[in-house]
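Take a look at the structure set out below.
In our numbering, the protein residues as written are 448 to 650.
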């Protein structure tokens, strides 16, 4: 008899009244606790390791379903996600909504943002999907790009957020990120001489 995949019945085992995305991150080690220094110099009491969860296709499917439900009241014509993980997640959300998908990327040499050459949406109502909104810079950069391209972005969906940018476009997320990024001068663990557990973490 074939061994049953431990993820196969996960949707049924998490009660509907619970936040399924949060339950997945708690269950599969998505929250890493410890004195952390990010590659931008900021500190925190931990960080989110999203691939501990999103490496499971069933977990990705559940989270994409939850994200799609956030905008069940909105007509979406196309979903866009930023490379790399945001694009994978965006594709999964597009699959749930049964709409086309495209991605944005940053040209390394110029720092400019572009759509993938295979699909440049025109007048479609676009949903932007990212994994986590921490500083809001990535979202703001993409919103500026959409504005310059005269793209009608009607919503922003994310798994988690801490400091979403100030915008008139609806931003909806599944849970608040548990870790706050602060400067080393304000870091309570530094003030208490707690050594760093993790260094140069890219978020």
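Glycine included, each C-beta is placed from N, C-alpha and C at the ideal position.
### Contacts around residue 474, its chain only, beta-carbon distance under 7 Å, and the 5 residues preceding and following it disregarded
By one-based count along the chain shown, residue 474 stands at place 27. Cβ neighbours of residue 474 beyond the five flanking positions: none.
### Query
Which partner residues of residue 529 appear in the DSSP bridge assignment?
Translated into the one-based positions of the chain shown, residue 529 becomes position 82. 551.
### Query
Can you give the Cα-Cα distance for residue 511 and residue 591, rounded to whole angstroms?
If you number the chain shown from 1, residue 511 lands on position 64. If you number the chain shown from 1, residue 591 lands on position 144. One Cα belongs to residue 511, the other to residue 591, and the distance between them is close to 25 Å.
### Task
Kindly confirm or deny that the segment 557-573 and the segment 588-603 touch, where touching means at least three C-beta pairs closer than 8 Å.
In short, these stretches touch, since the Cβ pair count reaches three.
### residue 503 (DSSP reduced to helix, strand or coil)
Position 56 of the chain shown holds residue 503. It is coil, neither helix nor strand.
### Task
Report the partner residues of residue 629 according to the DSSP bridge assignment.
Walking along the chain shown from the start, residue 629 turns up at place 182. For residue 629, which the question treats as bridged, DSSP gives the partners 490.
### Task
Taking residue 593 as part of the alpha helix (DSSP H), name the residues at either end of that continuous run.
Residue numbering aside, residue 593 sits at position 146 when the chain shown is read from its first letter. DSSP places residue 593 in the uninterrupted alpha helix (DSSP H) bounded by 584-595.
### Query
Do you know offhand how far residue 501's Cα is from residue 508's?
Numbered from its first residue, the chain shown carries residue 501 at position 54. Numbered from its first residue, the chain shown carries residue 508 at position 61. Approximately 9 Å, taken between the alpha carbons.
#### Entry: Whole-angstrom C-beta distance between residue 493 and residue 626, which should lie under 8 Å
Counting from one through the chain shown, the residue named residue 626 turns up at place 179. Counting from one through the chain shown, the residue named residue 493 turns up at place 46. Their Cβ separation, rounded to whole angstroms, is 5 Å, which keeps residue 626 and residue 493 in contact under 8 Å.
### Task
Using the DSSP secondary-structure output, state which residues sit across from residue 637 in a beta bridge.
Here residue 637 refers to the residue found at position 190 when the chain shown is read from its first residue. Answer is none; residue 637 lacks a bridge partner.
### Query
Among 517, 634, 469, 545, which residue has its Cα nearest to the Cα of residue 506?
Here residue 506 is taken as the residue at index 59 of the chain shown, counted from 1. Residue 506 has its Cα closest to that of 469, out of 517, 634, 469, 545.
### Query
Just how far apart, CA to CA, sit residue 595 and residue 498?
For the purposes of this step, residue 595 is identified with residue 148 of the chain shown, where counting begins at 1. For the purposes of this step, residue 498 is identified with residue 51 of the chain shown, where counting begins at 1. Roughly 32 Å separates the two Cα atoms.
### Message
Can you tell me which residues form a DSSP beta bridge with residue 576?
### Response
Your numbering for residue 576 matches position 129 in the chain shown. According to DSSP, residue 576 bridges with 604.
### Query
Between which two residues does the beta strand (DSSP E) carrying residue 621 extend?
If you number the chain shown from 1, residue 621 lands on position 174. In the DSSP annotation of this structure, the continuous segment of the beta strand (DSSP E) that includes residue 621 starts and ends at 618-623.
#### Entry: CB of residue 641 within 7 Å of CB of residue 490, strictly
Here residue 641 corresponds to residue number 194 of the chain shown, with the count starting at 1. Here residue 490 corresponds to residue number 43 of the chain shown, with the count starting at 1. Note that the C-beta distance between residue 641 and residue 490 is not below 7 Å.
### Cα-Cα separation between residue 534 and residue 550, rounded to whole angstroms
For the purposes of this step, residue 534 is taken as residue 87 along the chain shown, with counting starting at 1. For the purposes of this step, residue 550 is taken as residue 103 along the chain shown, with counting starting at 1. C-alpha separation (whole angstroms): 6 Å.
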